[in-house]
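Visitor: Those protein sequence lines, which keep their order, are chains A and B. Under the working numbering, the first residue of the first sequence carries the number 1, and numbering increases by one thereafter. Under the working numbering, the first residue of the second sequence carries the number 376, and numbering increases by one thereafter. My questions will all concern the structure given below.
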Amino acid sequence: MRRLLLLLAGIASLWLPGHALRLDAPDWVSPTGARAPALARALDTQLRAELGEADFATGSRHIDGEWWLATYAFAILGYAQLAEHQPALRPELQVTARHALDQLLRPEVRAFDTRQWGDDMLDCLDEDAHDHVVLGYLGLGLGAARLLDPALPEADLHDRVVTALERRFTTTDAALLLSFPGVAFPVDNAAGFATIGLHARATGRPLSPELEARIADWEAAFMSEDGLLVQTAHARTGHATSPVRGSGTALAAWLMSYADPPLAARLAEGTRDTLGATVLGLGAVREYRPGTPGRGDIDSGPLIYGMSVSATGFALGAARGIGDEAWAGRLWATTRLFGAPGPDGRFLFGGPLGNAILLAALTTPAADTTDSEHS
Amino acid sequence: MNRRPWAPALTIVLLWSIHQGLAHAVAHYEPISVFMASAGMDRPGLALLCFALLASRIVAIFSTAPLLLLTVVQGWRSLHSSPARTNADDTAPSGLLRLQTRRAGQG
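This is how it looks when you write it as structure tokens:
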């Protein structure tokens with residue numbers, strides 16, 4: 001009897017936690033769920049506190065600045081998507097997003113980019129001396145704010161940001177636009193594509209054939225056959241300077257759902273099928289291919305048995321973007337365990353950026369991923 | 376084990392109390408996440424608190440299911456091996472019942 005009892009307890013400890021952690025998933029990820037509004041309100045409270053570059057304390061002033069900007073951009077994206085799911089919240093979320101957008105557009109928030117290039121990304125939208133592809137993240141916030149409020153006072157600025165990005169993408173001879181002098185990340189270019197895609201959605205204008213061709217070139221140059229993305233590359237030649245990685249691939253899979261859903265599906269399926277893992281019902285994403293050695297860094301977060309914190313969080317958005325609810329559920333169980341949602345709706349381990357990313361990921365709408373050319 | 380059917384339930388309560396206490400402590404200090412704290416390493420106290428919460432959370436969540444099972448089964452067994460029942464069974468003519476009673480007493 002005692003052995004049977006221990007056996008049952010062992011089975012329960014292996015099987016139940018993963019399922020128990022998913023029990024409240026509908027409260028978070030469904031259009032009518034009650035937890036996402038609570039997270040949005042808790043995030044708003046966090047963002048209204050005196051938030052600054054120093055609050056991110058990554059050890060790099062430059063990365064602190066990047067994360068500060070990304071916090072506002074992803075927060076506004078989350079607010080806009082939540083309003084699409086729950087229209088009754090739109091007036092409240094417009095006010096919330098207004099505050100976040102005002103913060104996003106403060107010169108101090110993009111000062112990390114200004115320090116690198118020597119000019120302000122918003123002061124040189126009509127010239128192409130510098131790539132400033134980080135503009136793509138700022139543009140995501142602008143585009144989401146416009147989705148939330150079609151009469152956005154900054155609509156003209158949004159149009160100019162998108163025009164600058166599209167012109168730079170389609171007129172450059174280089175394989176990638178630079179994130180910073182001498183540094184190019186394919187995933188940062190994906191953020192630029194996402195901004196243009198979100199603008200198309202907000203204004204009802206389709207992507208131009210030139211941009212679609214540019215995205216096809218990006219896919220050919222930086223994606224492996226099994227749908228994974230190289231992390232860094234030489235901007236001019238497009239030669240990969242790092243292996244394919246989970247954090248960049250998962251974030252690109254999520255971002256591309258706003259610009260090119262079929263391509264997003266190929267990236268997401270690569271993330272799920274090659275880098276994905278499930279342990280005790282908990283889903284996670286490896287940073288490197290199985291068998292490829294590698295260390296964690298600021299992009300991946302700490303690696304736990306090769307699983308990346310960042311890649312797993314971004315993959316939640318990717319899974320939602322391609323409508324793979326089973327995968328999203330497994331990833332949610334991991335997020336629930338390690339994120340530790342508190343009674344007020346925010347994730348205790350999230351911090352402002354983590355909570356902003358999770359709100360945006362959890363509310364990401366499923367895009368139409370059918371593609372006559374590839375399917 | 377049969378003499379302490381409340382032990383697993385008490386363990387669950389203790390684990391969740393520790394977990395909730397740590398959760399409130401972490402919430403009070405407005406953490407910037409385990410990742411950021413560990414990456415920056417300029418707030419080691421907060422990082423330690425976050426890791427303690429994470430460890431308690433994992434232990435609490437993964438031990439609750441077997442402990443609940445133990446609580447239910449031990450409670451059921453204690454009902455079926457109470458002294459009154461044992462005395463009653465001891466006078467029964469069935470050898471099987473006496474055997475069950477002895478086993479229960481040994482447990």
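The C-beta atom is built at its ideal place from N, Cα and C for all residues, glycine as well. It should be emphasised that the depicted structure is a prediction, and the values quoted were computed from it without experimental measurement.
Return no unless some Cβ of chain A is closer than 9 Å to the Cβ of A427 (chain B).
Guide: Counting from 1 along the second sequence, the entry for residue 427 (chain B) is found at position 52. No - not a single Cβ of chain A is within 9 Å of the one on A427 (chain B).
Visitor: Taking buried to mean at least 16 other C-beta atoms within 10 Å of its own C-beta, is R346 (chain A) buried or exposed?
Guide: Reading the first sequence from its first residue, position 346 is the one you call residue 346 (chain A). Result: buried.
Visitor: So within the stretch 271 to 333 of chain A, which uninterrupted alpha helix (DSSP H) runs reach at least 4 residues, ignoring any that extend past its ends?
Guide: Qualifying alpha helix (DSSP H) stretches, in chain order: 309 to 321.
Visitor: Check the C-beta distance from L316 (chain A) over to A328 (chain A) and give it rounded, since I have them as a contact under 8 Å.
Guide: As a first step, residue 316 (chain A) must be located in the first sequence, where it is residue number 316. As a first step, residue 328 (chain A) must be located in the first sequence, where it is residue number 328. That pair is a contact at about 6 Å.
Visitor: If the cut is a Cβ gap below 9 Å, which residues of chain A does R432 (chain B) touch?
Guide: Stepping through the second sequence from its first residue, residue 432 (chain B) is reached at position 57. By Cβ distance, chain A contributes L337, F338, A340.
Visitor: Which bits of chain A does P380 (chain B) rub up against, with CB to CB less than 7 Å?
Guide: Here residue 380 (chain B) corresponds to residue number 5 of the second sequence, with the count starting at 1. The contacting residues do not exist; P380 (chain B) stays about 13 Å from chain A at best.
Visitor: Could you tell me whether any non-hydrogen atom of the ligand SAM is closer than 8 Å to the CB of D131 (chain A)?
Guide: In the structure shown, the ligand SAM is absent, as is every other ligand, since no ligand is present at all.
Visitor: Using the Cβ count rule (16 or more neighbours within 10 Å means buried), how would you classify R196 (chain A)?
Guide: Here residue 196 (chain A) refers to the residue found at position 196 when the first sequence is read from its first residue. One point to set straight first is that residue 196 (chain A) is Ile, not Arg, in the sequence displayed. Its Cβ being crowded by 16 or more others within 10 Å, I196 (chain A) is buried.
Visitor: Whole angstroms is fine: what's the gap from A412 (chain B)'s alpha carbon to L4 (chain A)'s?
Guide: Residue mapping note: residue 412 (chain B) aligns to position 37 of the second sequence, counting from 1. Residue mapping note: residue 4 (chain A) aligns to position 4 of the first sequence, counting from 1. Note that A412 (chain B) scores 48 on pLDDT, short of 50, meaning its location in the model is unreliable; the coordinates nonetheless yield the value given after this. Each residue's alpha carbon lies about 44 Å from the other.
Visitor: What's the C-alpha gap between D55 (chain A) and D64 (chain A)?
Guide: The residue labelled residue 55 (chain A) in the question sits at position 55 within the first sequence. The residue labelled residue 64 (chain A) in the question sits at position 64 within the first sequence. Using only the alpha carbons, I get a separation of about 8 Å.
Visitor: State the Cα-Cα distance for the pair G10 (chain A) and V183 (chain A), rounded to the nearest angstrom.
Guide: The count along the first sequence starts at 1 and reaches residue 10 (chain A) at position 10. The count along the first sequence starts at 1 and reaches residue 183 (chain A) at position 183. Those two C-alpha atoms are separated by around 50 Å.
Visitor: Does the beta carbon of G52 (chain A) sit closer than 9 Å to a beta carbon anywhere in chain B?
Guide: Working through the first sequence from its first residue, we reach residue 52 (chain A) at position 52. It does not; no Cβ of chain B falls within 9 Å.
Visitor: For P181 (chain A), which three-state DSSP category applies?
Guide: For the purposes of this step, residue 181 (chain A) is taken as residue 181 along the first sequence, with counting starting at 1. DSSP places P181 (chain A) in coil when its eight states are reduced to three.
Visitor: Looking at V279 (chain A) and T312 (chain A), is the spacing between their C-beta atoms short of 9 Å?
Guide: As a position in the first sequence, residue 312 (chain A) is number 312, starting the count at 1. As a position in the first sequence, residue 279 (chain A) is number 279, starting the count at 1. No, Cβ-Cβ distance for T312 (chain A) and V279 (chain A) is not below 9 Å.
Visitor: Let me know the secondary structure DSSP gives M256 (chain A) once reduced to three states.
Guide: Taking the first sequence and counting its residues from 1, one reaches residue 256 (chain A) at position 256. Helix at M256 (chain A).
Visitor: Report the neighbours of P17 (chain A) on chain B: residues whose CB is nearer than 7 Å to its CB, in chain order.
Guide: Stepping through the first sequence from its first residue, residue 17 (chain A) is reached at position 17. Those are I436, F437, A440, listed as they occur along chain B.
Visitor: Determine whether the beta carbon atoms of D344 (chain A) and A34 (chain A) lie at a separation below 9 Å.
Guide: On the first sequence, residue 344 (chain A) is found 344 positions in, with the first residue counted as 1. On the first sequence, residue 34 (chain A) is found 34 positions in, with the first residue counted as 1. No.
Visitor: I'd like to check one pair, G270 (chain A) with S242 (chain A): are the Cβ atoms closer than 9 Å?
Guide: Counting from 1 along the first sequence, the entry for residue 242 (chain A) is found at position 242. Counting from 1 along the first sequence, the entry for residue 270 (chain A) is found at position 270. Not closer than 9 Å, so no.
Visitor: Of all the CB atoms in chain B, is at least one closer than 9 Å to the CB of L21 (chain A)?
Guide: By one-based count along the first sequence, residue 21 (chain A) stands at place 21. For L21 (chain A), the answer is yes, since a Cβ of chain B falls inside 9 Å of its Cβ.
Visitor: Can you check whether the C-beta of D344 (chain A) is within less than 9 Å of a C-beta belonging to chain B?
Guide: Walking along the first sequence from the start, residue 344 (chain A) turns up at place 344. For D344 (chain A), the answer is yes, since a Cβ of chain B falls inside 9 Å of its Cβ.
Visitor: At a CB-CB cut-off below 9 Å, which residues of chain A make contact with V388 (chain B)?
Guide: Working through the second sequence from its first residue, we reach residue 388 (chain B) at position 13. Correct list: empty, because the minimum Cβ distance to chain A is about 17 Å.
Visitor: So for L157 (chain A), helix, strand or coil by DSSP?
Guide: Position 157 of the first sequence, counting from 1, holds the residue named residue 157 (chain A). Helix, per DSSP.
Visitor: Measuring alpha carbon to alpha carbon, tell me which residue in A:L303, A:P107, A:T172 is nearest E66 (chain A).
Guide: As a first step, residue 66 (chain A) is located in the first sequence; it is residue number 66 there, counting from the start. Checking every option, the nearest Cα to that of E66 (chain A) belongs to A:P107.
Visitor: Could you tell me the alpha carbon to alpha carbon distance between A268 (chain A) and V447 (chain B), rounded to whole angstroms?
Guide: If you number the first sequence from 1, residue 268 (chain A) lands on position 268. If you number the second sequence from 1, residue 447 (chain B) lands on position 72. About 43 Å.
Visitor: Name the chain A residues that come within less than 7 Å of A384 (chain B), Cβ to Cβ?
Guide: For the purposes of this step, residue 384 (chain B) is taken as the residue at position 9 of the second sequence. The contacting residues do not exist; A384 (chain B) stays about 14 Å from chain A at best.
Visitor: Any Cβ of chain B within less than 9 Å of the Cβ of F74 (chain A)?
Guide: Taking the first residue of the first sequence as 1, we reach residue 74 (chain A) at position 74. Chain B contact via Cβ: absent.
Visitor: Excluding sequence positions up to five away, which residues of its chain have a Cβ less than 7 Å from the Cβ of Y137 (chain A)?
Guide: In the first sequence, the residue the question calls residue 137 (chain A) occupies position 137. Closer than 7 Å at the Cβ level, and outside the excluded window around Y137 (chain A), lie L69, A70, A73, A191.
Visitor: Using a Cβ-Cβ cut-off of 9 Å, state whether S179 (chain A) counts as contacting chain B.
Guide: Translated into positions along the first sequence, residue 179 (chain A) becomes position 179. Closer than 9 Å: no.
Visitor: Report the neighbours of L445 (chain B) on chain A: residues whose CB is nearer than 8 Å to its CB, in chain order.
Guide: For this step, residue 445 (chain B) is matched to residue 70 along the second sequence. Ordered by position in chain A, the residues that pass the 8 Å Cβ test against L445 (chain B) are L5, A9.
Visitor: Distance, Cα to Cα, G354 (chain A) vs R61 (chain A)?
Guide: Numbered from its first residue, the first sequence carries residue 354 (chain A) at position 354. Numbered from its first residue, the first sequence carries residue 61 (chain A) at position 61. Their Cα atoms are separated by approximately 18 Å.
Visitor: Tell me which same chain residues have a C-beta within less than 8 Å of the C-beta of L428 (chain B), skipping the five on either side of it?
Guide: Residue 428 (chain B) sits at position 53 when you count from the first residue of the second sequence. For L428 (chain B), where only same-chain residues beyond five positions count, the Cβ hits under 8 Å are H394, L397, A398, A400, V401.
Visitor: Could one say the Cβ of L331 (chain A) lies closer than 9 Å to chain B's Cβ atoms, at least one of them?
Guide: One-based indexing of the first sequence puts residue 331 (chain A) at position 331. False, the Cβ-Cβ gap to chain B never drops below 9 Å.
Visitor: Between the alpha carbons of R201 (chain A) and A151 (chain A), how many angstroms are there, rounded?
Guide: Locating residue 201 (chain A) in the first sequence gives position 201, where the first residue counts as 1. Locating residue 151 (chain A) in the first sequence gives position 151, where the first residue counts as 1. Looking at the two C-alpha atoms, the distance is approximately 15 Å.
Visitor: Helix, strand or coil for L198 (chain A) per DSSP?
Guide: Along the first sequence, one-based indexing puts residue 198 (chain A) at 198. It is helical.
Visitor: Return the residue from the list A:T203, A:G204, A:T335 that minimises the CA-CA distance to G350 (chain A).
Guide: The residue you call residue 350 (chain A) lines up with position 350 of the first sequence. Considering only alpha carbons, the answer is A:T335.
Visitor: With distance defined between alpha-carbon atoms, name the residue in A:W117, A:W218, A:G78 nearest to P186 (chain A).
Guide: Here residue 186 (chain A) corresponds to residue number 186 of the first sequence, with the count starting at 1. Among A:W117, A:W218, A:G78, the Cα nearest to that of P186 (chain A) is on A:W218.
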